[in-house]
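Peer 1: Please read through the structure below; I'll follow up with questions.
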DNA sequence: AGTCAGACTTGGGAGCAACGCC
DNA sequence: GGCGTTGCTCCCAAGTCTGACT
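Numbering (the UniProt record's numbering), first residue to last: 1 to 944.
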């Protein structure tokens, strides 16, 4: 198939509107009879999507501005900078948008209530919509029928999915050809639609936006590549077949199936792409095209070959290690060994002697200074080596649990008499409840939130609810309220707190430690463990992220009467505060929470749970990484499966396959459906047509998909990804006859996706791909970037770069730290000063060398000294320069999340041990506590 | 089969303590 | 010891996923 259309022409497809929008909205449940409740929800959703579309436009146009401004700022950046400018630009843009959005918001609120009214009407119309949907499907197939007289398969696609499934099972493989020719014909068709007016405003503006972004992007860089993995295609298509690896692949697959892999039938043979083509380039890890030192494609390919060769052996060292450690002879059963190794969290085959708490000496390299000694002592605390114990498999989380219950927020302290609240210029003495809530708002007066209409409206409505009758009668307009004195008072209190004397601070610290001691620990199965959040959330105003419709609502004070306590029957039951009682005391050992309550704003349950260093959390974490490692073993098979599914006859299967490809390759989140009373954010399954743009050619690359949407926490995901032609064609197909606000994957949801994944591998869910790809990326980046002969600071920089690559892959962004530019300037000055010193020292050395040549022993000694001084200075300079690079590269990327949640800690531990880097340089105290199991068990040869 | 509540993980930001430099 | 900076901890919102219920 040849490329027939210029790049932008795909845009028009999204605009080819016909048919009823809810056809597609409801498509997820296509063909199944749904409950009335569901029906109304679905139809409801379609109107909300119009709203979303408007919102998204706002968001997009504002992002255009910011990207160009940040372009100027970031002009002089070296590597990595371009991808960051995207992210930073987005953050500022969404803030800008927030400020100018009030009107919009109230309109939307209105729209929402209209929607509520319309809901019942929509229910009525639903059956009509279903008819429309069927009609539309039929139209599609009719169209195809025109083109291909033999396309009987597609006629069937107009009927319900179940029927289709049945029919397709019996239909022949000729349908593949059909699809191919349909694809071709759709290309033709799109040519006709080029002048379609739907391409117009939105698309031209978005094109502008993207072109500005491209400029901003500048030359491609390492991290961008990791994120966009732009040469995935190149790898797949151009990579030389590797004979040796292919053999290994076959062996591995055989082993996998022997291992009990019960995946769906992979039809690799019928696939256009042979396995060897991508065996060596897992989706997560692609050789950059044209980058500097560490990124040459040739090198990468060589590394990939090396990797592939070593991958097949990867478990052996581990096994050997384990065997030698345990001195257990298990030579006869390979599978058993494997399980022993990999499924430890699930079951330990060999019963390990139950460990008592032991003093664990941590791996510090600290010097003997008093403070450090103290620190060291703290680290030598009692540690429960739970990972050496046998794991229970019966679903119970504990047998004994005792704790003090949660700590409640302090009671409200009324304002001093001299702090006044004014309404319409007049001093008003508020009742205590009204004053407390007013205080919540006054505290946030300087915050962006109070410029948002939604926030203000919600706050005011809830505030009025706690007012006395008289207050409510009087206070009717928020704009007439003057909270300034209150705000100033809170600011002064904060100031005073900051300036507390040493003694006051010490007293406060002691008090907090006391509280921590009393409430911060629990006893679980004979061990004392730290609790994560023993404080009940204090009342305040709800701060939803992004455009949250409930922002500003009052989060009420939680009372003991709202709280459930969970502990064991035979424990000392915690006492409710005097004069109060618990809502309930239960003894449920199948859950891990100690206390819970339901928060009033969203009606969500909140829990008091254990600290990440605890057994319960650690075990779960360990298991998570083991599942990801299991995925590593069958990832090729799974990739084969979804690639062959791109050609499936059923739309449902095709959509699932393409979605899975995105989840795997781009580490997208699953994307559950959301209600209208939450911010409009999406993940893979909930992507809408408006969130992607298709370009047959963009910046010299073929079949580019541009993703632009708000993900979790309303953080923007923007990525231009060249995809394989088949994916591209499928996307065109999915977008056909849909509106911008329609679901891209209308036959897919997270439940069905995860069900499918479970069939491919037990325990597999969409989330596992993120963990897997993050961890494997770290491991490979570390292999690639670490120079064994480099200094420790250089190695740490390499580690941070590898970590950064993962953060970019997972789209973990942060706002540029407040004082960033200032601190960078200071650092630059420092570097310049050091350079001057180096120059001076060089000059000194030159003269000293001259003198030494003709001079005495004394002068030679002086020369040596100068030499050493120069070396020292150069080293210092290098360290500073590394610091500069590291800090700047980190400007808009948040490393913490990936480090804490996605990277198998054993990879980092092994790397530290292998390269002689102290673990403290990578993990701080808290992180070391959390990952103690990994630090203890991983040797330098550990492989993910 | 669909829906929903419950349980748990993931996520960025605010605030403050600790650190390092002068 | 003062001050600026860094990094840690806490906070709590927002996801994912499961399993019970209808």
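Each residue gets a CB set at the ideal place from its N, CA and C atoms; glycine is no exception. Here the structure is a predicted model, which is why all the values come from computation and not from measurement.
With respect to the alpha helix (DSSP H) encompassing residue 463, which residues constitute its N-terminal and C-terminal limits?
Peer 2: 453-466
Peer 1: Are residue 806 and residue 774 close, meaning C-beta to C-beta below 8 Å?
Peer 2: yes
Peer 1: Beta carbon of residue 768, beta carbon of residue 627: below 8 Å?
Peer 2: yes
Peer 1: Buried or exposed for residue 612, please, with buried defined as at least 16 other CB atoms from any protein chain shown within 10 angstroms of its CB.
Peer 2: With at least 16 other beta carbons inside 10 angstroms of its own, residue 612 counts as buried.
Peer 1: Between 813, 852 and 859, which has its C-alpha nearest residue 890's C-alpha?
Peer 2: 813
Peer 1: In whole angstroms, what separates the C-alpha of residue 391 from that of residue 606?
Peer 2: 28 Å
Peer 1: Buried or exposed for residue 743, going by 16 or more other Cβ atoms inside 10 Å?
Peer 2: buried
Peer 1: Could you name the residues that DSSP lists as bridge partners for residue 503?
Peer 2: DSSP output for residue 503 lists no bridge partner at all.
Peer 1: Comparing alpha-carbon positions, which option in 720, 700 and 701 lies nearest residue 708?
Peer 2: 720
Peer 1: Can you give the Cα-Cα distance for residue 866 and residue 852, rounded to whole angstroms?
Peer 2: 11 Å
Peer 1: Between which two residues does the beta strand (DSSP E) holding residue 598 run?
Peer 2: 595-598
Peer 1: Using the rule of at least 16 other Cβ atoms within 10 Å of the residue's Cβ for burial, across every protein chain shown, is residue 526 buried or exposed?
Peer 2: exposed
Peer 1: Taking the beta strand (DSSP E) that residue 564 belongs to, which residues open and close that run?
Peer 2: Run containing residue 564: 564-566, per the beta strand (DSSP E) assignment.
Peer 1: I'd like the span of the alpha helix (DSSP H) that includes residue 720, first residue to last.
Peer 2: Counting along the chain, no alpha helix (DSSP H) covers residue 720; the unbroken beta strand (DSSP E) around it starts and ends at 716-722.
Peer 1: Taking the alpha helix (DSSP H) that residue 888 falls in, what are its first and last residues?
Peer 2: 857-889
Peer 1: With a Cβ-Cβ cutoff of 8 Å, do residue 445 and residue 492 count as a contact?
Peer 2: no
Peer 1: Measure how close the beta-carbons of residue 702 and residue 696 come, nearest whole angstrom, since I'm counting them as under 8 Å.
Peer 2: 7 Å
Peer 1: Residues bridged to residue 988 by DSSP?
Peer 2: Residue 988 cannot be examined here, being either before or after the span of the chain that is shown, 1 to 944.
Peer 1: Can you tell me whether residue 431 is buried or exposed? The criterion is at least 16 other CB atoms within 10 Å of its CB, across all chains shown.
Peer 2: exposed
Peer 1: Based on Cα-Cα distance, which residue from 717, 764, 662 and 740 lies nearest to residue 724?
Peer 2: 662
Peer 1: Three-state secondary structure (DSSP) at residue 678?
Peer 2: Of the three classes helix, strand and coil, the one that applies to residue 678 here is coil, per DSSP.
Peer 1: Between the segment 413-426 and the segment 537-548, are three or more C-beta pairs nearer than 8 Å?
Peer 2: no
Peer 1: Using the Cα positions of residue 676 and residue 550, report the straight-line distance between them to the nearest angstrom.
Peer 2: Residue 676 and residue 550 have their alpha carbons spaced roughly 10 Å apart.
Peer 1: Could you pull the start and end residues of the beta strand (DSSP E) that residue 841 belongs to?
Peer 2: Where residue 841 is concerned, there is no enclosing beta strand (DSSP E), although the alpha helix (DSSP H) it sits in stretches over 820-854.
Peer 1: Tell me which residues share the same chain as residue 483 and place their Cβ nearer than 8 Å to its Cβ, disregarding the 5 neighbours each side in the sequence.
Peer 2: Beyond the five residues adjoining it in sequence on each side, residue 483 comes within less than 8 Å, by CB distance, of 421, 438, 441, 442 and 445 in the same chain, given in chain order.
Peer 1: Bridge partners for residue 523 per DSSP, in chain order?
Peer 2: Paired residue(s): 402 and 528.
Peer 1: Measure the alpha-carbon distance for residue 599 versus residue 669 and round it to whole angstroms.
Peer 2: Counting only the Cα atoms, residue 669 lies some 26 Å from residue 599.
Peer 1: Which partner residues of residue 698 appear in the DSSP bridge assignment?
Peer 2: 701
Peer 1: Measure from the alpha carbon of residue 625 to the alpha carbon of each residue in 932, 903 and 935, then state which is nearest.
Peer 2: If we check each option's Cα against that of residue 625, 903 comes out closest.
Peer 1: According to DSSP, is residue 605 helix, strand or coil?
Peer 2: The DSSP-derived three-state label of residue 605 is strand.
Peer 1: Among 797, 634, 833 and 419, whose alpha-carbon lies nearest the alpha-carbon of residue 436?
Peer 2: Ranking 797, 634, 833 and 419 by Cα distance to residue 436 puts 419 first.
Peer 1: Please report the distance separating the alpha-carbon of residue 673 from that of residue 469.
Peer 2: The straight-line gap from Cα to Cα measures roughly 41 Å.
Peer 1: Tell me, please, which residues DSSP counts as bridged to residue 556.
Peer 2: For residue 556, which the question treats as bridged, DSSP gives no partner whatsoever.
Peer 1: Per DSSP, what kind of secondary structure is residue 408 in: helix, strand or coil?
Peer 2: coil
Peer 1: If distances are taken between C-alpha atoms only, which option among 653, 616, 604 and 860 comes closest to residue 985?
Peer 2: Look at the range of the chain in this structure, 1 to 944, and you will see that residue 985 is not part of it.
Peer 1: Assuming residue 817 contacts residue 915 (C-beta within less than 8 Å), just tell me the rounded distance between them.
Peer 2: Not quite, the Cβ-Cβ distance comes to about 29 Å (not below 8 Å), so this is no contact.
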